[in-house]
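These protein sequence lines map, in sequence, to chains W and V.
The first sequence: position 43 = 97 (this note's numbering), numbered continuously.
The second sequence: position 52 = 106 (this note's numbering), numbered continuously.
Positions of the beta carbon are idealized from the N, C-alpha and C atoms, including for glycine.
Computed from a predicted model, the values in this text were never measured in an experiment.
Protein chains: 2
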Amino acid sequence: MSAIGILSEYKMSKTNGRVKILKELLGTDIALSERELQMRLEGICDRATIYRTLKALSQKGVIHKIATEGTVAKFVIKKTPEDHIHFKCTDCGKVRCMTGVVPGNIELPKGFIKKESNYLIIGICDVCAKNL
Amino acid sequence: MSAIGILSEYKMSKTNGRVKILKELLGTDIALSERELQMRLEGICDRATIYRTLKALSQKGVIHKIATEGTVAKFVIKKTPEDHIHFKCTDCGKVRCMTGVVPGNIELPKGFIKKESNYLIIGICDVCAKNL
DNA sequence: GTATTTTTGCAACACTGTCGCAAAAAATGA
DNA sequence: TCATTTTTTGCGACAGTGTTGCAAAAATAC
Ligand SMILES: [Zn+2]
Ligand SMILES: [Zn+2]
Ligand SMILES: [Zn+2]
Ligand SMILES: [Zn+2]
Chain W
55 MSAIGILSEY KMSKTNGRVK ILKELLGTDI ALSERELQMR LEGICDRATI
105 YRTLKALSQK GVIHKIATEG TVAKFVIKKT PEDHIHFKCT DCGKVRCMTG
155 VVPGNIELPK GFIKKESNYL IIGICDVCAK NL
Chain V
55 MSAIGILSEY KMSKTNGRVK ILKELLGTDI ALSERELQMR LEGICDRATI
105 YRTLKALSQK GVIHKIATEG TVAKFVIKKT PEDHIHFKCT DCGKVRCMTG
155 VVPGNIELPK GFIKKESNYL IIGICDVCAK NL
């Protein structure tokens, strides 16, 4: 769906900044940080607006936040609601959802209740592996 | 092994701060942040020393860093070198390694090379689940 | 114990993420 | 369309995390 379409669906005001941010996110399958979005949108909108938009879109379930070992959060369009694995390439730094790869069903010890999960695999992506 | 023993093994100078930091880490199976260590070691050593010690111990493989959704890194003694799952309780905030739980073998698409993994499950821990 | 090497504390710094508030933009609806 | 109401923005300030250079202090080596 288009950026405007998504904003309409979730009854969010269609401001210039939000449309541009969402378009960037829709146009890639690589997770982006606030910083990376700001660089791509040079001068379009403020840091605070990007953070606020990312938070709003996360709450609506349009995008999701990926926890990596670093200190910056990265966001990517949510394609599937199910558990899935994220891959971070140490060479190019790109983080992406691995939609085809399914994590085995994990059995927790008695008494533990699972709410959500975050599986991250760190390594070399297919593109970077070719140039080794 | 003891704190001093570990420092000897890895040929690290046995300073007061390092011994105390390592003792704290050895005395719990809950992952600790720099902040939490500082509170437990009130006035024993500087922030910078804690960060430097955590980095050194991670590089030696004595402890490992856990990526959570939040912004702070947490560290815990490394008990096993294999892949394992981490659990974060949304109620008490504690993060721990689940040594008994084995993640199924995950098959990556062709060309991707795995180096390490970070599996985090977020939910309610056994202790907190009892008091619900 | 003295000399050498390593580590520490401190201050400064860059960066991430949040918030209050007045100004600006978007939505509403006649 | 235009005036009114509601929402969002930009800005500045702020708190927190993690890093670094450097002189002083501590640990190690002899
Ligand atoms: Zn790559
Ligand atoms: Zn994902
Ligand atoms: Zn708990
Ligand atoms: Zn662990």
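Chain-ordered neighbours of residue i on chain V, where CB pairs are closer than 9 Å
i, result
"G154 (chain W)", "P163"
Closer than 7 Å at the beta carbon, the chain W residues around residue i
i, result
"I167 (chain V)", "G177, I178 and A183"
Chain-ordered chain V contacts of residue i [CB-CB under 7 Å]
i, result
"G115 (chain W)", "Within 7 Å Cβ-Cβ: nothing; G115 (chain W) doesn't reach chain V, min ~15 Å."
"A121 (chain W)", "A121, T122, E123 and L174"
Three-state class that DSSP yields for residue i in the structure shown
i, result
"I178 (chain V)", "strand"
"K77 (chain V)", "helix"
"K184 (chain W)", "helix"
"I84 (chain V)", "strand"
"I104 (chain V)", "helix"
Opening and closing residue of the alpha helix (DSSP H) in which residue i lies
i, result
"L61 (chain W)", "A57 to E63"
"M93 (chain V)", "E88 to R94"
Chain W residues whose Cβ lies nearer than 9 Å to that of residue i
i, result
"F129 (chain V)", "Those within 9 Å of F129 (chain V) in chain W number zero; the least Cβ separation is about 12 Å."
Contacts that residue i makes with chain V (C-beta to C-beta distance below 8 Å)
i, result
"S171 (chain W)", "Y173, L174, I175 and I176"
- Task: Return the chain-ordered ranges of every beta strand (DSSP E) run that is complete within the stretch 106 to 159 of chain V and spans a minimum of 3 residues.
- Result: 117 to 120, 128 to 131, 139 to 143 and 149 to 152
- Message: Using a Cβ-Cβ cutoff of 8 Å, what residues of the stretch 59 to 87 of chain V are near chain W? List them in chain order.
- Response: Residues: none.
- Could you please tell me which residues of the stretch 96 to 116 of chain V, in chain order, have their CB closer than 8 Å to any CB of chain W? none
- Below 8 Å between beta carbons is the criterion; list the residues of the stretch 134 to 146 of chain V that meet it against any residue of chain W, in chain order. Those would be I139, F141 and T144, in chain order.
- Near ligand 5, which residues have their beta-carbon less than 7 Å from any of its heavy atoms, given in chain order? Among the ligands in the structure shown, ligand 5 does not appear; only ligand 1, ligand 2, ligand 3 and ligand 4 can be found there.
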